[in-house]
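**Q** If you're matching them up, the sequences are chains A and S in order.
For the first sequence, position 355 (counting from the first letter as 1) is numbered 355 according to my numbering, and the numbering increases by one without interruption.
For the second sequence, position 36 (counting from the first letter as 1) is numbered 401 according to my numbering, and the numbering increases by one without interruption.
So that we are looking at the same thing, I have put the structure below in structure tokens.
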Amino acid sequence: MLADAAIASAEALFMILLMLQVMSLGLFFERKASALMQDRIGANRASILGFAGLGLVNTLVADPIKFLLKEDVRIAGADRTLHALAPFLSLMPALAAFAVIPFGDVLVVGGRTIVLQAARLDVGLLYVLAMASLGVYGVVLAGWASNSRWSLLGGVRGSAQMISYEIAMGLALIGVVMTYNTLDLQEIARQQGRLLWGWLPAWGILYQPVAFLVFFTAGVAESKRVPFDLPESESELVAGYFTEYSGAKHLMFMMSDFVEVVLVAAMITTLFFGGWQVPWLARDGFHLPGGSVVVLPSLVVTILQVTAFLLKTVFFTYLQVAIRFTLPRFRYDQLMRLGWQGLLPVALLNVGASAVVLLLLERAA
Amino acid sequence: MSPLLFLAVAALTVTAASTVVLHRNPVHSALGLVSTMGLLAVLFLGLDAQLIGVLQVIVYAGAIVVLFLFVIMLLNLQREPRGLDGPLLVGAAAAGGLCLAALIVRGLARGAPPAGAGVQAGFGGVAQVAERLFTAYLLPFELTSLLLLVAVVGAVAIAKRRPS
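Spelled out as structure tokens, the structure:
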């Protein structure tokens, strides 16, 4: 009992630290990859004993220290309690959602088989959706409690946007659930280990390409980043719902945006790109399509799987940063039209089409 | 769920629910309602009802109260004038409370289910809830969706109506 609790805590700690590393890598991409795309040099001022590490010192050391040392401004006429509570309500649900995402298959240690997923919840997918829908409270309360017009406008925009895109997101996931017949994310990842025609890994993208596009778009909109960054659009609203935040609280809002980016990346990886699956890698080693088998020790297999999950997540984090520096911001009516008249009907049609195809396949079998 | 944990969560739930009616600021009341729903979800989880617990968060905390906050912000209420001043209102509220208390006491007096009955495997999971929902409770379930459709049509009709 105690050992189980200790293992679960260790897994949760490992996952959260892993994802926070990916998040800081996202911040690094945001500053240096964008510079590369725009033909600039980017952050390179800060260094430790002359070591700037390609701007890593800037983004990972200097930026956070700067934020943490700044004054925490108290706003006149603001609702103190809610103003202080909002950054936590924004960050914590996004971090909590990682609990059900599997980062590997199993780890065999001393006769004990540990499933690499912090919380084995039957309804894992719904849990992630629930946490995502709680994230809106931070935005709404920050907007309302700041006693500022910019903040209020940003908060209202943010909540309307997040509610709208949550619906398309949930409907896209229904197609995925119909394909895998389960809500347990570990089970979904396991099912993607099958092979089609003996050589093609049966990743979710092959079954649900439309759901992937809808989920990805809605996911970018949920994390409130360009081209969907109307809640904070700095050219009109200063910084939107977190205009009146400084220091560590401002850092928490920035962090929660990036944690959401990583969450979307991890969910895309798990649902559509095989999660921790490495093509043709089973629990005892590689089973290559030609029929040859490479036997590997269990620990090596586990390390390969965790690395695969990490690399895929990093890739989709990078992709979201790249999107930010490729597309211009939507107008608000375009944003709403895309959500309600674009993504929602497509996701609904996808559910219908998936049902028909699945029924026909069942008949044929 | 251990009795100690249950008591702690139950006490928190009652506190959160009291803020909904006792707080003067409507935004704080709305936040109290969210907390109540979230804590109820914790109670459901403690009763092995995973699906209901998570749905509780998605449906109530995630959607309805956000809309509630919306209304509050757009109406721009700062401080609600005291609504419970009239003796008639206080009397009616007290009578309602007493009736509810009587119902609860009567329900408790009927006796608790046998202790240690336990739950079978898969209880509260998606499969079992769905199985009941689409067999024994199919008609009420579908009628509820009709009710929701009526509400949606009504909302659109009200939103479309222009002042003449």
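The beta-carbon is built from N, C-alpha and C at its ideal position, and this holds for glycine as well.
Interface residues of chain S around V123/A at Cβ under 7 Å?
**A** Q415, L416, V419, V491
**Q** What residues in the segment 93-127 of chain A have a beta carbon less than 8 Å from any beta carbon of chain S?
**A** Shown in chain order are the members of the segment 93-127 of chain A whose Cβ falls below 8 Å from a Cβ of chain S: L121, D122, V123, L126, Y127.
**Q** Taking Cβ-Cβ distances below 7 Å as the criterion, which residues of the segment 180-198 of chain A are in contact with chain S?
**A** L183
**Q** 8 Å is my cut-off, CB to CB: does A129/A come that close to chain S?
**A** Looking at the sequence provided, one finds Leu at residue 129/A rather than Ala. Closer than 8 Å to some Cβ of chain S, the Cβ of L129/A qualifies, so yes.
**Q** Could you list which residues in chain A have their beta carbon closer than 9 Å to that of A426/S, in chain order?
**A** The contacting residues are A130, S133, L134, Y137.
**Q** Using a C-beta cutoff of 8 Å, does I523/S count as contacting chain A?
**A** no
**Q** Verify the CB distance criterion: does V422/S have a CB-CB separation below 8 Å to chain A?
**A** yes
**Q** Where do the N-terminal and C-terminal ends of the alpha helix (DSSP H) with V293/A fall, by residue?
**A** Premise fails: V293/A lies in the beta strand (DSSP E), 293-295, not in any alpha helix (DSSP H).
**Q** According to the Cβ coordinates, are S256/A and S90/A closer than 8 Å?
**A** yes
**Q** Using the beta-carbon count (16 or more within 10 Å), is F253/A buried or exposed?
**A** It counts as buried.
**Q** Of the choices R329/A, T269/A, G198/A, T179/A, whose alpha-carbon is the least far from that of Y207/A?
**A** T179/A
**Q** Do you know how far the Cα of L141/A is from the Cα of W150/A?
**A** 13 Å
**Q** What runs of the alpha helix (DSSP H), each 4 residues or longer, lie entirely inside the segment 236-317 of chain A?
**A** 247-272
**Q** I need the straight-line Cα distance from S354/A to L129/A, nearest angstrom please.
**A** Roughly 21 Å between the two C-alpha positions.
**Q** Would you kindly work out how many angstroms separate the C-alpha atoms of I368/A and G247/A, rounded to a whole number?
**A** Nothing can be reported for residue 368/A, as the shown portion of chain A is limited to 1 through 365.
**Q** Can you tell me whether T182/A is helix, strand or coil according to DSSP?
**A** coil
**Q** At what residues does the alpha helix (DSSP H) containing R471/S begin and finish?
**A** 452-474
**Q** So is V407/S in contact with chain A if we call contact Cβ pairs under 8 Å?
**A** no
**Q** Would you say V399/S lies against chain A (beta-carbon separation less than 8 Å)?
**A** Yes, V399/S lies at the interface with chain A (some Cβ there is under 8 Å from its Cβ).
**Q** Take E166/A as the anchor and find which of V176/A, V238/A, S148/A, L134/A has the nearest alpha-carbon.
**A** L134/A
**Q** For R157/A and V100/A, I'd like the C-alpha separation in whole angstroms.
**A** 30 Å
**Q** On the DSSP bridge list, what partners appear for P201/A?
**A** L195/A
**Q** Taking the runs of the beta strand (DSSP E) that are 3 residues or longer, which of them lie wholly in the segment 19-46 of chain A?
**A** DSSP runs (the beta strand (DSSP E)) wholly in the segment 19-46 of chain A: none.
**Q** Thinking C-alpha only, which one of N147/A, L230/A, M15/A is nearest D333/A?
**A** L230/A
**Q** Where does W203/A land, buried or exposed, given buried means 16+ other C-beta within 10 angstroms?
**A** buried
**Q** For the beta strand (DSSP E) containing V106/A, name the first residue and the last one.
**A** 106-109
**Q** CA-CA distance, V177/A and N350/A?
**A** Spanning the two alpha carbons is a distance of roughly 12 Å.
**Q** Determine the closest residue to L327/A out of G339/A, R225/A, E362/A, with distance taken between C-alpha atoms.
**A** R225/A
**Q** For F215/A, count the other beta carbons within 10 Å of its own beta carbon; 16 or more makes it buried, fewer makes it exposed. Which is it?
**A** By the neighbour-count definition (other C-beta atoms within 10 Å, threshold 16), F215/A is a buried residue.
**Q** Measure the Cβ-Cβ separation of L183/A and V115/A and say whether it is below 8 Å.
**A** no
**Q** To the nearest angstrom, how far is it from the Cα of A375/S to the Cα of L473/S?
**A** 17 Å
**Q** Count the other C-beta atoms from every protein chain shown that fall within 10 angstroms of the C-beta of N181/A, then say buried if there are 16 or more, exposed otherwise.
**A** exposed
**Q** Do V356/A and Q320/A have their C-beta atoms closer together than 8 Å?
**A** Contact: no.
**Q** Tell me the DSSP secondary structure of F51/A in three-state form.
**A** strand
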